[in-house]
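See structure below.
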Amino acid sequence: DTAVSQTPKYLVTQMGNDKSIKCEQNLGHDTMYWYKQDSKKFLKIMFSYNNKELIINETVPNRFSPKSPDKAHLNLHINSLELGDSAVYFCASSQDHGTDGYTFGSGTRLTVV
Amino acid sequence: GESVGLHLPTLSVQEGDNSIINCAYSNSASDYFIWYKQESGKGPQFIIDIRSNMDKRQGQRVTVLLNKTVKHLSLQIAATQPGDSAVYFCAELLTGNMLTFGGGTRLMVKP
């Protein structure tokens with residue numbers, strides 16, 4: 001069973017479109033995250049979310065918004081996509097704010113053309 | 001800016017040799033550190049972790065060393081194998097905050 005699963009694995013879309021990436025975890029973790037990995041492999045935290053609070057990295061444009069229908073899901077919505085949004089997006093989850101590590105999904109490669 | 005960095009972006013080793021990947025961190029308050037391995041097309045995979053009250057921790061073929069005095073972290077891989085080829089990241093966590101990653105080191109294992 002996949003612990004953290006993301007869909008789709010690949011997403012190609014035009015500038016200006018709105019898209020969503022879905023994430024689900026079956027680990028029973030209480031916190032989920034979104035990371036962005038750029039072309040140089042640098043991983044940057046975007047959001048942290050549990051049922052109590054959303055923490056947003058202040059550098060993330062407000063075109064990006066996380067939506068959590070329940071504890072096991074954290075979807076990423078992106079409005080008005082730009083070329084610079086092209087990257088690999090990783091979902092992750094942890095228990096107790098990550099003091100035993102984060103578990104990552106396999107990533108979604110977003111290409112904006 | 002990032003608070004975690006790596007000295008060597010690419011490391012090439014011969015199969016069977018030992019590998020050492022280094023990392024410097026800047027937040028002296030960080031209390032938990034993790035090494036991740038990322039293979040092509042996959043997400044980061046947990047390798048080994050260490051808490052700030054420890055100096056060394058060993059796993060299967062891997063050892064992590066933590067030097068809090070100079071804020072340095074290293075990952076040692078014994079008898080490196082072709083399957084070890086990947087990008088390795090160190091990451092730090094200050095309890096209550098979020099995991100922060102360094103820039104990654106690509107390990108290439110020559111047969």
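Residue numbers (my numbering), protein chains in the order written: chain W, 1 to 113; chain Y, 1 to 111. Beta carbons: idealized from backbone N, C-alpha and C, even for Gly.
Contact with chain Y by residue i, beta-carbon distance below 8 Å
{"i": "W:I78", "result": "no"}
{"i": "W:Y33", "result": "yes"}
{"i": "W:I45", "result": "yes"}
{"i": "W:Y102", "result": "yes"}
{"i": "W:F64", "result": "no"}
{"i": "W:K36", "result": "no"}
{"i": "W:H29", "result": "no"}
{"i": "W:H115", "result": "Residue coverage of chain W in this structure runs from 1 to 113, which leaves residue 115 of chain W outside it and unanswerable."}
{"i": "W:I56", "result": "no"}
{"i": "W:G84", "result": "no"}
{"i": "W:S48", "result": "yes"}
{"i": "W:K41", "result": "yes"}
{"i": "W:S68", "result": "no"}
{"i": "W:S93", "result": "no"}
{"i": "W:S106", "result": "yes"}
Burial state of residue i (16 or more Cβ within 10 Å)
{"i": "W:H77", "result": "exposed"}
{"i": "Y:S19", "result": "buried"}
{"i": "W:A3", "result": "exposed"}
{"i": "W:Y10", "result": "exposed"}
{"i": "W:P66", "result": "buried"}
{"i": "W:S94", "result": "buried"}
{"i": "Y:H7", "result": "Note that Y:H7 has pLDDT 48, beneath the 50 cutoff, so the model's placement of it is unreliable and the number below is only indicative. Burial call: exposed."}
{"i": "W:T59", "result": "exposed"}
{"i": "W:L83", "result": "exposed"}
{"i": "Y:D49", "result": "buried"}
{"i": "W:Q8", "result": "First, the residue type needs correcting, since residue 8 of chain W is Pro and not Gln in the sequence shown. Exposed: under 16 other Cβ atoms inside 10 Å."}
{"i": "Y:S30", "result": "buried"}
{"i": "Y:G1", "result": "Only weak support exists for where Y:G1 lies, its pLDDT of 36 falling under 50; the coordinates are left without a value."}
{"i": "W:M15", "result": "exposed"}
{"i": "Y:V115", "result": "Nothing can be reported for residue 115 of chain Y, as the shown portion of chain Y is limited to 1 through 111."}
Backbone secondary structure at residue i - three-state DSSP
{"i": "Y:D49", "result": "strand"}
Any chain W beta carbon closer than 8 Å to residue i
{"i": "Y:G104", "result": "yes"}
{"i": "Y:M108", "result": "no"}
{"i": "Y:L93", "result": "yes"}
{"i": "Y:M54", "result": "no"}
{"i": "Y:P82", "result": "no"}
{"i": "Y:L99", "result": "yes"}
{"i": "Y:V87", "result": "yes"}
{"i": "Y:A42", "result": "Per the sequence presented here, residue 42 of chain Y reads as Lys, with Ala not at that position. Answer yes: the Cβ-Cβ gap between Y:K42 and chain W drops below 8 Å somewhere."}
{"i": "Y:F46", "result": "yes"}
{"i": "Y:G59", "result": "no"}
{"i": "Y:Y25", "result": "no"}
{"i": "Y:G96", "result": "yes"}
To test your reading of the DSSP string, which unbroken beta strand (DSSP E) runs of 3 or more residues are found completely within the segment 26–108 of chain W? Taking only runs of at least 3 residues, the beta strand (DSSP E) segments lying wholly in the segment 26–108 of chain W are 31–37, 43–50, 54–56, 64–67, 75–78 and 87–94.
Count the C-beta pairs between the segment 73–82 of chain Y and the segment 93–111 of chain W that are closer than 8 Å, then say yes if the count reaches three, no if not. Contact between the segment 73–82 of chain Y and the segment 93–111 of chain W is not established, with fewer than three Cβ pairs separated by less than 8 Å.
Are at least three pairs of beta-carbons, each pair with one atom in the segment 87–101 of chain W and one in the segment 35–50 of chain W, less than 8 Å apart? Between the segment 87–101 of chain W and the segment 35–50 of chain W, the count of Cβ pairs shorter than 8 Å is three or higher; the stretches touch.
Segment contact flag, the segment 12–31 of chain W with the segment 13–30 of chain Y, C-beta cutoff 8 Å, min 3 pairs: No, the segment 12–31 of chain W is not in contact with the segment 13–30 of chain Y.
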